[in-house]
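For reference, the structure is listed below as structure tokens.
Residue numbers (the working numbering): 716 to 1537.
So, in structure tokens, the structure goes:
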């Protein structure tokens, strides 16, 4: 049987890629690479599979949607209810329904300033409808926005029976202004059975969205007055969706405590037959609406939400079908489709050409479904075949991705298929009936814009143009070199000698870069393996929250996790577990992300009394959330502070030296926060202090932390000056002895030195700067650790950034770390 399957695959490879040399029979690698599969494939003989019992068809019911639109909405333009599909992409498979105007009286308009529209639609009971409102202007279709100008991603409605959405209010459109007063909804979500708080729930109302923090708390700001439909939705489906009305008054806060029921999980068995002619070498994935099925709950490039490498891969069966077993939450509304790419590219279609989107309301028992993919084509049969040869020095653990740029812009990269050696391939079946120009490009590990082919550089570069014909095409390409990468970079190596062993208590650490993209998740295991192989004993994770959904994002200074931009709770738990499995100590160092330069952010903030009150409360929530995360995951350390915080410290000043206006009781506030954190987290607590601040009188609250994490940043200007003859060694050693050592003595606490140095102007400069700092650390026994900052997890890259991943400096650190921790 195994021989027969192997021969079949070889035949298919030859037929599919007829443009390959006949003597070069490719060898297929695992279709689940990179990253682990999120599901458990069915194994054993076909007779061992459960018998399919038809799932009951959920009854349908009618839901009435009523929405008030602003009075400045042009009366002659059509209002639509847009039902959205985040498996395909929120903007890529929209169902639009015309809404009818309810004629208002002049008194209604004068009193409310709004006009009312309505429509009625059928939905299956148990559905969670994702929708928003749109308007057809004379020039284009425009969408609704919240009062702060942020586009409405979607609203949610949970269909439990016949019902009405009575309170929807469009705050403003893309092309109009919002001038009304607003209120807010705040509350806490808890488990109805245990009373425990629930983190990472999606909370929506009035077009706004947020995620609950570790204690289940949430805040929805900027809602127009009225009754809003408040929905709490578990991204993984582990809780039953909660829905209730919430009345918001002008300039007031509505308290909404939420109690959700946890649901059990059952096993779903999926057996699918694919169209005749589908080569068995191609990974078949299941793209779905839950987090475990590839949905990121983020708006990624090109309007995509679901990533291919996060989707479970089906297992080929001996009879040519594919199978998958996955745990699913009872009662969940699961939208899904089968795909050879992601939810948009190479996904299944109906025979009429439309995207196919399936739906299951998960029953309270294990179930099996047997299904057929009608076609992979969106029109008449057509295909684009890509045959790629990459450079010999491409890292063997890398995955090669292909990214497409249709008329509406670059979409998310898709992993290609490794057919042996330096050969990669991909066949695109759909959709190929798109208007406008079509471009594509290749990159490493889905990091297009960073790890590109040298012919297609830059994040928003043009790519390789291709005109789609009405017949199958083959494009044969070769990557001559990768951007910012060589397997054998030129540098002068140094060998450490007379290294003083410090033992396991010495921090030999790697700090990940403080940014995130959902595509990184698949490459975290490789990155952690790389960190461990360097002899490191610490991994410092830098989870982020973001300031503001729209620029400038600092009035009020709301700080929250935004999917697609910040690591979510699930990702952090998983990454910490992976690091612990690799026998690494883990530290959590939370830092915010800004949508403009941090100095400008502070400078343009109001910084009045009310602003500072909100700022301190938001930072408190941020710190306590990550303290709770550290406690629940048994992380070894929690690091607070950072160079961005200087204006908020006692006596704080802005970058230009002017006072920040921080409250006079800042010392007491910080001291109280550390006491509160100690009640949540009992592990090692560190404070991150910028190197340039070590000459200042340390704040009194530093006496309450366990260790000091000193951030030493060597700039490109310093490295260039060193090349030109400046004595960087003397500069660094003088700082250590005249600034940092006195601080260490004054505080009487262990000091960890964390270095960030770019490889600018070249790799050798970074290597040399690390070598001189490591030698300085080696001769100063009062230093308790050394950490490299800015490690870029998904990719070995040799650009000018501080990341050492793939650079000669990583070899230097390996030599030092292995001797330090003896």
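The C-beta atom is built at its ideal place from N, Cα and C for all residues, glycine as well.
Just verifying my parser: in three-state terms, what is the DSSP assignment at residue 802?
coil
Could you tell me the boundaries of the beta strand (DSSP E) in which residue 1468 lies?
1466-1471
Is there contact here, the segment 1232-1248 with the segment 1268-1276, by at least three beta-carbon pairs under 8 Å?
Touching, no.
Tell me the rounded alpha-carbon separation between residue 720 and residue 1030.
Annotation note: pLDDT 41 at residue 720 (below 50); position unreliable, no value reported.
Suppose contacts are defined by Cβ-Cβ distances below 7 Å. Is residue 1218 in contact with residue 1255 by that definition?
no
I'd like the span of the beta strand (DSSP E) that includes residue 1133, first residue to last.
1132-1135
Count the CB pairs spanning the segment 1322-1329 and the segment 1371-1387 that are closer than 8 Å, and state whether there are at least three.
yes
Can you list, in chain order, the stretches of the alpha helix (DSSP H) that have 4 or more residues and sit fully within the segment 1196-1249?
Whole alpha helix (DSSP H) segments, 4+ residues: 1239-1248.
Mind checking whether residue 862 and residue 893 have CB atoms under 7 Å apart?
It is a contact, given that the beta carbons lie within the stated cut-off.
Apart from the five residues just before and just after residue 960, which ones in its own chain have a Cβ nearer than 6 Å to its Cβ?
942
Whose C-beta lies closer than 7 Å to the C-beta of residue 1042 among residues of the same chain, with five residues either side of it excluded?
980 and 982
Tell me whether residue 1536 is buried or exposed, calling it buried when 16 or more other Cβ atoms sit within 10 Å of its Cβ.
By the beta-carbon neighbour count (other beta carbons within 10 angstroms, threshold 16), residue 1536 is buried.
Counting only runs that start and end within the segment 1025-1065, where is the alpha helix (DSSP H) found for 4 or more residues in a row?
Listed in chain order, nothing qualifies, since the segment 1025-1065 has no complete alpha helix (DSSP H) run of 4 or more residues.
Using a Cβ distance threshold of 8 Å, determine whether the segment 1387-1402 contacts the segment 1338-1348, with at least three qualifying pairs required.
yes
Under the assumption that residue 926 contacts residue 944 (Cβ atoms under 8 Å), give the Cβ distance between them as a whole number of angstroms.
With 8 Å as the limit, residue 926 and residue 944 do not qualify as a contact, their Cβ atoms being about 18 Å apart.
Which complete beta strand (DSSP E) runs does the segment 896-923 hold, if anything under 3 residues is left out?
Residue ranges of uninterrupted beta strand (DSSP E) with 3 or more members, entirely inside the segment 896-923 and ordered along the chain, are 898-906 and 916-920.
Could you work out which residue in 879, 1529, 1272 and 909 is closest to residue 832 when comparing CA atoms only?
The shortest C-alpha separation from residue 832 is found at 879.
Alpha carbon to alpha carbon, how far is residue 934 from residue 1422? Give it in angstroms, no decimals.
Each residue's alpha carbon lies about 33 Å from the other.
Let me make sure I understand the geometry here. Which of 1120, 1038, 1173 and 806 has the alpha-carbon closest to that of residue 1085?
It is 1038 whose Cα lies nearest to the Cα of residue 1085.
Could you please give me the residues that DSSP links to residue 878 through a beta bridge?
Paired residue(s): 778.
Considering only their Cβ atoms, is the gap separating residue 1153 from residue 705 smaller than 7 Å?
Past the boundaries of the shown model lies residue 705; the chain is included only from 716 to 1537, so the question cannot be answered.
Name the two residues that bound the continuous alpha helix (DSSP H) containing residue 1334.
Its alpha helix (DSSP H) spans residues 1324-1347.
Under the assumption that residue 1107 contacts residue 1062 (Cβ atoms under 8 Å), give the Cβ distance between them as a whole number of angstroms.
Going by Cβ atoms, the distance from residue 1107 to residue 1062 rounds to 34 Å, so no, they are not a contact pair.
Alpha carbons only, please: which of 1348, 1064 and 1417 is nearest the one belonging to residue 1294?
1348
What are the start and end residues of each continuous beta strand (DSSP E) run of 3 or more residues lying completely inside the segment 1421-1476, in chain order?
The segment 1421-1476 contains these whole beta strand (DSSP E) runs: 1422-1428 and 1466-1471.
Where does residue 1480 fall in DSSP's three states?
Three-state result, residue 1480: helix.
Measuring only the C-alpha atoms, how far is residue 1000 from residue 1191?
Spanning the two alpha carbons is a distance of roughly 26 Å.
Since residue 1301 is in the alpha helix (DSSP H), which residue starts that stretch and which ends it?
For residue 1301, no alpha helix (DSSP H) run applies; the uninterrupted beta strand (DSSP E) run containing it begins and ends at 1300-1303, by DSSP.
Could you check what DSSP says for residue 1255 in three-state terms: helix, strand or coil?
strand
With H, G and I counted as helix, E and B as strand and the rest as coil, what does DSSP make of residue 1509?
Residue state, collapsed to three classes: coil.
Would a C-beta distance cut-off of 7 Å place residue 1189 and residue 1178 closer than the cut-off?
no
Expressed to the nearest angstrom, what Euclidean distance is found between the alpha-carbon atoms of residue 1076 and residue 920?
Cα to Cα, the separation comes out at about 24 Å.
Leaving out five residues on either side along the sequence, give the residues of the same chain with a beta carbon under 6 Å from the beta carbon of residue 1250.
1529, 1532 and 1533
If you draw a straight line from the alpha carbon of residue 843 to that of residue 1005, how long is it in whole angstroms?
Just so you know, the alpha carbons of residue 843 and residue 1005 end up roughly 12 Å apart.
Report yes or no: do the segment 1110-1118 and the segment 1204-1211 share at least 3 C-beta pairs separated by less than 8 Å?
Between the segment 1110-1118 and the segment 1204-1211, the count of C-beta pairs closer than 8 Å stays below three; the two stretches do not touch.
How many whole angstroms separate the CB atoms of residue 1151 and residue 1122, which I take to be in contact at a CB cut-off of 8 Å?
3 Å
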